[in-house]
Each structure stands twice: as structure tokens, then as C-alpha cells.
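**Student:** Chains as they are written, first to last, in this note's numbering: chain Z, 10 to 205; chain G, 10 to 205.
Don't be surprised by glycine CBs; every beta carbon is placed ideally from N, CA and C.
Attaching a single structure in C-alpha cells format; questions to follow.
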DNA sequence: GCCCTATACTTTGGACTCGAACGATTTCGG
DNA sequence: CCGAAATCGTTCGAGTCCAAAGTATAGGGC
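Take a look at the structure:
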């Protein structure tokens with residue numbers, strides 16, 4: 010695995026590239042490894058567990074949220090699953106067509122959509138989740154329980170830092186400027202009263 | 010941040026769902042937090058640093074690889090960047106159209122493609138990388154240097170486990186069965202002499 | 001009842017993603 | 001010297017993903 014092995018070597022090359030500028034190597038290594046680990050874990054779980062049930066990672070996460078939390082409003086499902094509402098719409102469409110998920114109207118608010126697993130979806134999760142958890146154990150087999158707790162705590166610190174101070178940090182960096190639209194995605198429609 | 014806060018609560022609900030089956034909670038928390046941290050970090054870096062230079066995460070990683078390693082064969086760039094060859098083709102097309110990357114033929118092997126940064130690409134990385142590293146420091150600000158090293162090492166263990174034993178594990182799990190083709194992907198073109 | 005605003009889900013546009021299939025090229029075996 | 005096998009980059013199909021735009025519902029003021 011040349012990628013992994015090259016991290017420390019890469020740091021030396023970065024040093025050479027930016028001799029003057031001080032670089033935080035430990036911090037760089039943490040971020041690089043978080044992303045590498047996430048990719049490796051996701052790929053392993055997709056290949057070893059999910060693909061045989063024809064589930065994508067995202068589809069599984071969505072099912073998991075509904076399984077654990079029971080019938081939920083779709084916005085909560087999206088937030089828990091860490092995807093946008095727009096993405097959730099498509100995922101739910103797929104899962105509904107496969108009979109794993111059902112939709113229901115909210116009794117008092119017609120805007121809300123309630124999502125829940127079908128019986129078939131329940132059965133699927135009862136079957137798939139133990140296999141999924143077994144592979145979670147496999148990918149962390151190089152760590153003992155104590156190291157697992159430490160690792161999970163360290164990662165929690167990172168998540169907390171971003172969630173508690175990230176917004177404020179972005180604002181400070183951009184100094185009040187607009188967040189610069191992303192290149193992809195739907196374009197803002199030109200308004201007739203805009204400056205031409 | 011309901012997602013983060015709910016992890017331990019979710020574990021209790023999982024317990025209820027699978028009372029009989031033993032679940033490895035620490036392992037589950039590690040995997041969940043790896044993915045959560047990766048998403049949070051990526052999103053912060055995209056919003057705070059990359060978007061203002063109109064770069065996606067993947068585009069930045071590809072530029073970084075070429076910047077650090079210099080002119081490289083495209084297959085190595087894909088592997089270092091952790092993306093497939095097919096994805097790299099598209100990313101390079103975008104970056105080349107923006108004048109950040111140039112292609113060159115390999116002098117002795119006509120199959121190979123050599124990639125390198127243009128001067129403009131070099132300038133971009135000299136400008137963007139320090140800002141990127143500053144945000145790497147920000148997202149890990151909740152950890153001291155020692156904790157950073159520990160975290161990076163723990164993640165390295167996970168990556169190593171998957172890279173060293175993942176393939177073998179997948180084979181054992183599927184027990185010789187075909188790896189189940191992914192649902193999406195290019196279909197075989199019908200041949201005239203196939204059974205019809 | 002009507003307007004206005006806020007909120008929720010859906011649709012849409014564009015980039016990104018994997019991995020199979022494909023064409024071009026090199027290397028191997030004879 | 002020629003065909004087979006291997007390897008490279010590219011194309012293609014199906015799908016994911018975000019965020020802007022669009023549609024529908026809810027609630028307040030009058």
C-alpha cells in the first residue's frame with residue numbers, strides 16, 4: 010500500500026516545497042489518515058457486506074437510522090444520516106421501490122413526511138446488521154478495547170471542534186464575504202432586475 | 010449536533026433491537042466516528058478553503074499528489090489520491106481545461122500518461138496549501154500534539170488492517186462465490202454470436 | 001378569505017464516483 | 001514474426017451527492 014507508506018515521506022517533500030512556511034505535520038497526518046481510514050472502511054464494508062444485499066453505503070445508513078429510531082420525519086432521517094434532503098428523496102425512492110421502506114403522511118402537518126421500515130426492511134436489517142458489525146470488529150481488530158475508546162474519543166473531539174466552532178471560523182476566514190457558490194450544482198437563475 | 014449526541018443513545022436502542030445478539034459497541038463507535046469525522050473535516054475544508062479557489066476535495070487531492078511527487082504516471086496519481094482510474098480521467102480533464110495540469114506522453118511506453126502541474130498549478134498550490142494546513146490545524150485544535158500522534162496511529166492501524174487482510178477476509182466471507190457485481194456500471198455489449 | 005412569510009419535501013442541474021467494457025500498446029511465447 | 005496475454009488510459013452506465021429552484025402546506029395579520 011504505497012499510499013500509506015508514503016505519508017511520512019510526503020511530509021519531507023512538503024517541507025522541501027515549503028521550506029519557509031511552517032507546516033503542522035501531526036495535524037496533516039491526522040486529517041490524511043481520517044480520510045484514508047474512512048475510505049478503506051467504507052470500501053471494505055460495501056464489498057464484504059452490503060453489496061451482496063445490493064445496498065449502497067448511504068442506503069444502509071438510511072435504513073439503519075429508521076431501524077434504530079423507528080418512524081421518523083424525513084428531515085430528521087436526513088440529518089442523522091448525514092445527507093441532504095435532496096439526496097434522501099432519491100434514496101428513499103429506491104428503497105421504497107424495493108419494498109424496504111414506507112412513507113406516511115403526518116397526521117396534522119401536511120408538509121411532513123414520515124418514514125419507516127416495512128416488515129421486509131426490518132428483516133433485512135436483522136440479517137445484515139450483525140454481519141455489518143462483525144466487519145466493524147474486523148477493521149478495528151488491530152486495536153484493543155482501550156485503544157478503540159481512545160480512538161473514538163479523539164475522533165469525537167474533531168467532530169465537536171468542527172460542529173461547535175466551524176461556522177464561526179468560516180465566517181472569520183471569509184470576513185463576511187459570501188461563501189462562494191460551489192461550481193457544480195444548479196445555477197442561480199438570472200433575475201430580470203439584476204445588474205446586467 | 011443531534012447526530013453526534015445520539016451515538017451512545019443509539020447504542021442502547023441497538024441493544025434493545027438485538028437483545029440476543031452480542032454487539033461490539035466500541036467497534037461500532039469507532040467506525041461511526043471515523044465516518045462522521047471524515048465528513049465534517051471534508052466539509053469544513055471545502056467550505057473554508059477550497060471553494061474560494063473553486064476546487065473540489067478530489068481535485069485538491071489530485072493536485073496535491075502531483076505537487077508533492079512531481080511529474081507522475083497517471084496510475085500512480087490515482088492510487089495515491091485514492092480514486093479510480095476512471096474518476097481520475099474526468100478530474101484531470103477538468104483541471105487541464107483550467108490550465109492547472111498538463112499531460113505528456115511517456116517517452117518509451119505509449120500506454121502511459123504523465124501528469125504534472127503547470128506553473129499556474131504550482132502557484133495555486135503554493136497559495137492554497139498553507140491555508141489548507143491551517144484548517145487542518147483548526148479541526149484538530151481540540152487535541153494536543155501527543156493526542157494527534159495517538160489518533161493518527163490508531164487510524165493507521167485501521168488502514169493497515171484493511172489493506173493487509175481485507176482482501177483475504179472478503180474471500181473467506183464470500184467463500185469463493187463471485188463478488189456480486191455492483192448494480193450500477195457498464196453493461197456488456199451484446200455480441201452477435203451470443204446465445205439469444 | 002387573502003396575502004405574506006416560513007417551512008417541508010421534490011425536482012433539477014452539474015460534478016463526481018466506481019467498476020466493467022473497450023481500444024491502444026507493449027510484452028511474452030513460440 | 002505473429003498471436004495471446006497483460007496493462008494502460010478512456011468511455012460508459014447507473015448511481016450518489018449537494019444546493020438552487022420549484023411546489024405545497026402552515027400560520028399570522030387583517
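In angstroms, rounded to a whole number, what distance separates the CA positions of residue 164 of chain G and residue 46 of chain Z?
**Tutor:** In the second chain, residue 164 of chain G corresponds to position 155, counting from 1. In the first chain, residue 46 of chain Z corresponds to position 37, counting from 1. Spanning the two alpha carbons is a distance of roughly 6 angstroms.
**Student:** What are the boundary residues of the alpha helix (DSSP H) that includes residue 193 of chain Z?
**Tutor:** Taking the first residue of the first chain as position 1, residue 193 of chain Z is located at position 184. Here residue 193 of chain Z belongs to no alpha helix (DSSP H), and DSSP marks it neither H nor E.
**Student:** Give me the Cβ distance between residue 107 of chain Z and residue 124 of chain Z, rounded to the nearest whole Å; I'm assuming they're in contact under 8 angstroms.
**Tutor:** On the first chain, residue 107 of chain Z is found 98 positions in, with the first residue counted as 1. On the first chain, residue 124 of chain Z is found 115 positions in, with the first residue counted as 1. Actually they are not in contact, since the Cβ atoms of residue 107 of chain Z and residue 124 of chain Z sit about 14 angstroms apart, beyond 8 angstroms.
**Student:** So, using beta-carbon positions, are residue 130 of chain G and residue 109 of chain G closer together than 7 angstroms?
**Tutor:** Along the second chain, one-based indexing puts residue 130 of chain G at 121. Along the second chain, one-based indexing puts residue 109 of chain G at 100. Yes.
**Student:** Which stretch, first to last residue, makes up the alpha helix (DSSP H) that contains residue 152 of chain G?
**Tutor:** Position 143 of the second chain, counted from the start, is the residue given in the question as residue 152 of chain G. Counting along the chain, residue 152 of chain G falls outside any alpha helix (DSSP H), and DSSP gives it neither H nor E.
**Student:** With C-beta atoms as the reference, is residue 49 of chain Z less than 7 angstroms away from residue 50 of chain G?
**Tutor:** Reading the first chain from its first residue, position 40 is the one you call residue 49 of chain Z. Reading the second chain from its first residue, position 41 is the one you call residue 50 of chain G. In this structure, residue 50 of chain G does not lie closer than 7 angstroms to residue 49 of chain Z by Cβ.
**Student:** Please determine, among Z:23, Z:34, Z:25, the residue with the shortest C-alpha to C-alpha distance to residue 153 of chain G.
**Tutor:** Along the second chain, one-based indexing puts residue 153 of chain G at 144. Ranking Z:23, Z:34, Z:25 by Cα distance to residue 153 of chain G puts Z:34 first.
**Student:** Determine the DSSP secondary structure at residue 64 of chain Z, reduced to helix, strand or coil.
**Tutor:** Residue mapping note: residue 64 of chain Z aligns to position 55 of the first chain, counting from 1. Residue 64 of chain Z: coil per DSSP, three-state reduction.
**Student:** For residue 132 of chain G, verify whether its CB is less than 6 angstroms away from any heavy atom of the ligand FAD.
**Tutor:** Judged by which ligands are present, the structure shown has none, so any question about the ligand FAD falls away.
**Student:** So, are the CB atoms of residue 70 of chain G and residue 90 of chain G less than 7 angstroms apart?
**Tutor:** For the purposes of this step, residue 70 of chain G is taken as residue 61 along the second chain, with counting starting at 1. For the purposes of this step, residue 90 of chain G is taken as residue 81 along the second chain, with counting starting at 1. A contact, by the Cβ cut-off of 7 angstroms.
**Student:** When we look at the beta-carbon of residue 115 of chain Z and count the other beta-carbons within 10 Å, is it buried (16 or more) or exposed?
**Tutor:** The residue given as residue 115 of chain Z occupies position 106 in the first chain. Exposed is the call here.
**Student:** List, in order along the chain, the chain G residues whose C-beta lies closer than 8 angstroms to that of residue 22 of chain Z?
**Tutor:** Mapped onto the first chain, residue 22 of chain Z falls at position 13. Residues of chain G passing the Cβ test: 77, 78.
**Student:** Of all Cβ atoms in chain Z, is any one closer than 7 angstroms to the Cβ of residue 12 of chain G?
**Tutor:** Walking along the second chain from the start, residue 12 of chain G turns up at place 3. Unreliable placement is indicated for residue 12 of chain G, whose pLDDT of 45 sits below 50; no coordinate value is reported for it.
**Student:** Give every residue of the same chain whose Cβ lies closer than 8 angstroms to the Cβ of residue 76 of chain Z, excluding the five residues on either side of it in the sequence, and list them in chain order.
**Tutor:** On the first chain, position 67 is the one that residue 76 of chain Z refers to. Hits under 8 angstroms: 126, 130, 131, 134, 138.
**Student:** Tell me the DSSP bridge mates of residue 81 of chain Z?
**Tutor:** Indexing the first chain from 1 puts residue 81 of chain Z at position 72. DSSP output for residue 81 of chain Z lists Z:124 as bridge partner(s).
**Student:** Say whether chain Z places a C-beta atom closer than 7 angstroms to the C-beta of residue 145 of chain G.
**Tutor:** Counted from its first residue, the second chain places residue 145 of chain G at position 136. It does; some Cβ of chain Z falls within 7 angstroms.
**Student:** If we cut at 7 angstroms on Cβ distances, does residue 35 of chain Z have a partner in chain G?
**Tutor:** In the first chain, residue 35 of chain Z corresponds to position 26, counting from 1. Chain G places a beta carbon closer than 7 angstroms to that of residue 35 of chain Z, counting this residue as a contact.
**Student:** Quick check on the burial criterion: 16 or more other C-beta atoms within 10 angstroms. Buried or exposed for residue 10 of chain Z?
**Tutor:** Position 1 of the first chain, counting from 1, holds the residue named residue 10 of chain Z. For residue 10 of chain Z, the predicted model reports a pLDDT of 38, less than 50, meaning its position is unreliable; a value from the coordinates is still stated below. Counting Cβ neighbours within 10 Å, residue 10 of chain Z comes out exposed, since fewer than 16 surround it.
**Student:** Using three-state DSSP, classify residue 51 of chain G as helix, strand or coil.
**Tutor:** Counted from its first residue, the second chain places residue 51 of chain G at position 42. Here residue 51 of chain G sits in helix by DSSP.
**Student:** Are the C-beta of residue 170 of chain G and some C-beta of chain Z separated by less than 7 angstroms?
**Tutor:** Taking the first residue of the second chain as position 1, residue 170 of chain G is located at position 161. Taking Cβ atoms only, chain Z reaches closer than 7 angstroms to residue 170 of chain G, which makes this a yes.
**Student:** Classify residue 197 of chain Z as helix, strand or coil using the three-state DSSP reduction.
**Tutor:** One-based indexing of the first chain puts residue 197 of chain Z at position 188. Three-state result, residue 197 of chain Z: coil.
**Student:** Does any CB atom of chain Z fall closer than 7 angstroms to the CB of residue 92 of chain G?
**Tutor:** Sequence index remark: in the second chain, residue 92 of chain G carries index 83 (1-based). It does not; no Cβ of chain Z falls within 7 angstroms.
**Student:** Mind checking whether residue 170 of chain Z and residue 151 of chain G have CB atoms under 7 angstroms apart?
**Tutor:** In the first chain, residue 170 of chain Z corresponds to position 161, counting from 1. In the second chain, residue 151 of chain G corresponds to position 142, counting from 1. Yes, these two residues count as a Cβ contact at 7 angstroms.
**Student:** Identify the contact partners of residue 48 of chain G in chain Z, using a Cβ-Cβ distance below 7 angstroms as the criterion.
**Tutor:** As a first step, residue 48 of chain G is located in the second chain; it is residue number 39 there, counting from the start. Within chain Z, the residues near residue 48 of chain G are 91.
**Student:** Listing by chain order, which chain Z residues have their CB less than 9 angstroms from the CB of residue 132 of chain G?
**Tutor:** Position 123 of the second chain holds residue 132 of chain G. What residue 132 of chain G touches in chain Z: nothing, since even the nearest Cβ is about 12 angstroms away.
**Student:** How many Å lie between residue 166 of chain Z and residue 149 of chain G at the Cα?
**Tutor:** As a first step, residue 166 of chain Z is located in the first chain; it is residue number 157 there, counting from the start. As a first step, residue 149 of chain G is located in the second chain; it is residue number 140 there, counting from the start. Between residue 166 of chain Z and residue 149 of chain G, the C-alpha separation is close to 8 angstroms.
**Student:** Can you have a look at residue 178 of chain Z and say buried or exposed, based on whether 16 or more other CB atoms are within 10 angstroms of its CB?
**Tutor:** Numbered from its first residue, the first chain carries residue 178 of chain Z at position 169. By the 10 Å Cβ count, residue 178 of chain Z comes out buried.
**Student:** For residue 191 of chain Z and residue 105 of chain Z, I'd like the C-alpha separation in whole angstroms.
**Tutor:** As a first step, residue 191 of chain Z must be located in the first chain, where it is residue number 182. As a first step, residue 105 of chain Z must be located in the first chain, where it is residue number 96. Distance between the alpha carbons of residue 191 of chain Z and residue 105 of chain Z is about 31 angstroms.
**Student:** Would you mind telling me which residues of chain G sit closer than 7 angstroms to residue 192 of chain Z, beta carbon to beta carbon, in chain order?
**Tutor:** Start at 1 with the first residue of the first chain, and residue 192 of chain Z comes out as number 183. Going along chain G in sequence order, the residues near residue 192 of chain Z (Cβ under 7 angstroms) are 63.
**Student:** Could you give the distance in angstroms between the alpha-carbon of residue 141 of chain G and the alpha-carbon of residue 28 of chain G?
**Tutor:** As a position in the second chain, residue 141 of chain G is number 132, starting the count at 1. As a position in the second chain, residue 28 of chain G is number 19, starting the count at 1. In this model, residue 141 of chain G and residue 28 of chain G are separated by some 45 angstroms (Cα to Cα).
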